[in-house]
Every structure is written in C-alpha cells, then in structure tokens.
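Note sheet for the following structure.
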Amino acid sequence: MARSGSRSHRPRKSNSSSDWCKKHDSCNVTRVSNKLILTRGWPGSGKSTYAEAYVANHSGSFRVNRDDLRKSLFNGEGVLKRDDEEVVTAVQQAQAIALLKAGQTVVIDDTNLRLAFARDWADIAADLNVEFEVVDFRIDVEECILRDAERKANGGRGLGEAVIRKIAKRNPTRGWQPVTPRPRKARPAIEPYVPNLRKPRAWLFDIDGTLAHMDGGRGPFDWAKVGQDRLDEPLSDLANLIMENDRDFVILMSGRDSVCRSETRQWLSDNHVQYDHLFMRPEGDGRKDSIVKAELFDKHIRHDYYVQAVFDDRDQVVEMWRSIGLPCYQVAPGAF
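Under this note's numbering, the final residue of the sequence shown carries the number 343; numbering is consecutive throughout.
What follows is the structure in structure tokens.
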C-alpha cells in the first residue's frame, strides 16, 4: 500500500558508494575508451552515489554536476534565475567537452528528466564521436523521499517530500524515452574562400574573448552589462594600427546577440577601438557561433573583401575559419 503523502519519514541509512558498486556490474568493468555517461532519475534515486562510486573506481573519469556549479559560480542552491542557469549550462558543457576531448570519461549526474536537455548531451557525444550511455534510476518515490530526508539530516541539501512527489508526478518513469542524438541535416559542403586581390583588404576581429574580456563583471549572456568588459589593449592597438592604412578595413564579427548592439558600440567608443563595420548575431538566434559567423561571412565579407587574417578565441569558430581557408590566429584557449 502506498504511504500517505503527509506522513513523515524516519531518516534511514543508505548504502555507501562501495556497497552500491558491489551490486552493480558497471562499477567493476574496466573502462576501454572514454565516454559520456548520463544519469536519469528523481532526486534521491542514487544518481550521485553512482557517479561518485564510478569515478572512484575508474581512473580517467570525472563527475560534472549542475548543483556543484551553481554553488561554486553563484553560491546558490536549487534552480537559479534564467541568466545564471544559462551560465551554469555553458560552463558545464565546456568542462565536459574539454574532458572528453582530452580522452576522459565524464559522468553527468543531474536528474536529466527533460528529454530536450538530455538530448543536448547526446548531441555533444555524437559530435565528439564518443560513446554515450544513459543510466536510469527507477527507484520507488518513497525510497527517494527517505534518502532525501537522510541527506538533509546529515547536513546535506534536501528538497523535501512535496517537491520530490511533484517531480515524480510530472516525470513518471513510464514516460522516460530513449535518449538519442537529434537527426543531423546534411551539412552543405564547405565553400573554400577564394581571395580576390582586387577587393579591399580586411582584417576580422572577434569581440568576446578577443577584444573584450569578462573578468567577473558579468555573465556571458548578460548583455546589459557588456560595458563592464575589460579591453584587450594589445589587440585593440593592432586594430587601430591597421585602421591607419586607408587601404585596410577592420571588421568586427561578434557572436553577441544584436539586442546589445548599442551597448557594444558604446563600449567600443569608450575604449577608442576603431573599426569600419560591426556584424553581430541576429537577435534571438541561438545557433552555434560557428554557424552564425559563417553566415555573416558569406553575407557581408566573402565577395566584397580580400581577407588578410582573422583573430578569434573559440575552438569551433577557429576551426570554421581555417576550414574555409582563412588564416586565423587563436588568441586564447576556447574549448567551450
């Protein structure tokens, strides 16, 4: 018989990580190659216990957890405001991608109950060509509530019975679907850049991470605060030096949302950065930087300028520039 939702539960001792491992073969299997492991389950179902045990028993494995990042980045708990959650997502994905590229195994031990969010991880694994595994925790809700109460009694973070029941009701285990990568549309062949020496010479500069740096003053999606960024003086000096030659054009190619276009122009003016054109991501366009900048290039640059060089920081964008034949100078690490 199901227990009453209002009944209080006595904290109960749960299995240690080592005990959990003894009952699950996955903790005793030697890792052959790196992979991305995604846990899925209600709060209190044992996801973090599994992840901690897995990492302890598999060298070259790392746990990347949203709650830990919320705490370290914002000293917060639970779901944060939207802008902060976007930062957490960006940092979590950047950490996971960097580890996977380095040949490590990554365990994402969040609830991962939203299929769209879980598929983001499947997409990342597919893009990096690493194995992807989902470990489901179909634990009785009463047991989850008991474990949550124990965790809180031991000084940890507890969500409480009402919250767990609400999550379980909204995300019944029978509704959990397989997590697979989204279908990839056939990618158009990369069109190599053919320079036209008769066109004006152009030098392309990225802004975030290249000309401008966020030194703790704002989050990467906090567009209203772009005026707080620190200027990269050597690169700014280079851009201004190029501008002294009437034959050369300085063009800024930014992945920022155009919603902050006026703030960006004001920051450039305040910092005396000289340029000819500023091209930015269309407002509300959430696609990858590499796709957005490739389209901006095709629309505004490819047929109108003789590009001399590009300065950027993000790996995916640097790879895109180089893939079409442009000399690109990567000014900082950009595995995000």
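A virtual CB, placed ideally from N, CA and C, is assigned to each residue, including glycine.
query = Grouping DSSP H, G and I as helix and E and B as strand, with all else coil, what is THR271?
reply = The residue given as residue 271 occupies position 264 in the sequence shown. Reduced to three states, the DSSP call for THR271 is helix.
ask   = CB-CB under 6 Å to ALA193, same chain, minus the five flanking residues each way: which ones, in chain order?
value = Taking the sequence shown and counting its residues from 1, one reaches residue 193 at position 186. In this prediction, ALA193 scores a pLDDT of 46, lower than 50, which makes its location untrustworthy; no coordinate-derived value is stated.
query = How many Å lie between GLN273 and ASP255 at the Cα?
reply = Here residue 273 refers to the residue found at position 266 of the sequence shown. Here residue 255 refers to the residue found at position 248 of the sequence shown. Using only the alpha carbons, I get a separation of about 23 Å.
ask   = Is the beta carbon of GLN185 sitting closer than 7 Å to the one on ALA129?
value = Your numbering for residue 185 matches position 178 in the sequence shown. Your numbering for residue 129 matches position 122 in the sequence shown. According to the sequence as given, residue 185 is Pro; it is not Gln. No, the Cβ-Cβ distance between PRO185 and ALA129 is not below 7 Å.
key: Whole alpha helix (DSSP H) elements within the stretch 251-323, 4-residue minimum   = 268-277 and 296-307
Cross-strand partners of SER68 (DSSP beta bridge) = Start at 1 with the first residue of the sequence shown, and residue 68 comes out as number 61. Answer by DSSP bridge pairing, in chain order: THR112.
query = If you check the beta carbons only, do PHE228 and MET260 fall under 7 Å apart?
reply = For the purposes of this step, residue 228 is taken as residue 221 along the sequence shown, with counting starting at 1. For the purposes of this step, residue 260 is taken as residue 253 along the sequence shown, with counting starting at 1. No; because the gap between Cβ atoms is not below 7 Å, this pair is not in contact.
query = Do you know whose CA, among LEU245, ILE104, PRO179 and ASP74, lies nearest GLY48's CA?
reply = By one-based count along the sequence shown, residue 48 stands at place 41. Nearest option by C-alpha distance: PRO179.
message = Do CYS151 and SER52 have their beta-carbon atoms positioned less than 7 Å apart in this structure?
response = Locating residue 52 in the sequence shown gives position 45, counting from the first residue. Locating residue 151 in the sequence shown gives position 144, counting from the first residue. The answer is yes: Cβ separation under 7 Å.
request  = Below 6 Å CB to CB, which residues in the same chain sit around GLY291 once its five sequence neighbours on both sides are set aside?
outcome  = Counted from its first residue, the sequence shown places residue 291 at position 284. Nothing listed; no residue qualifies.
ask   = On the three-state DSSP scale, how would you describe ALA339?
value = Within the sequence shown, numbered from 1, the residue matching residue 339 stands at position 332. Three-state result, ALA339: coil.
Outcome for PRO50 when other beta-carbon atoms lying within 10 angstroms are tallied against a minimum of 16 = Counting from 1 along the sequence shown, the entry for residue 50 is found at position 43. Looking at its Cβ environment, which holds 16 or more other Cβ atoms inside 10 Å, PRO50 is buried.
key: Identity of the residue in GLY226, TRP230, ALA209 and VAL280 nearest PRO241 by Cα   = Residue 241 sits at position 234 when you count from the first residue of the sequence shown. Checking every option, the nearest Cα to that of PRO241 belongs to VAL280.
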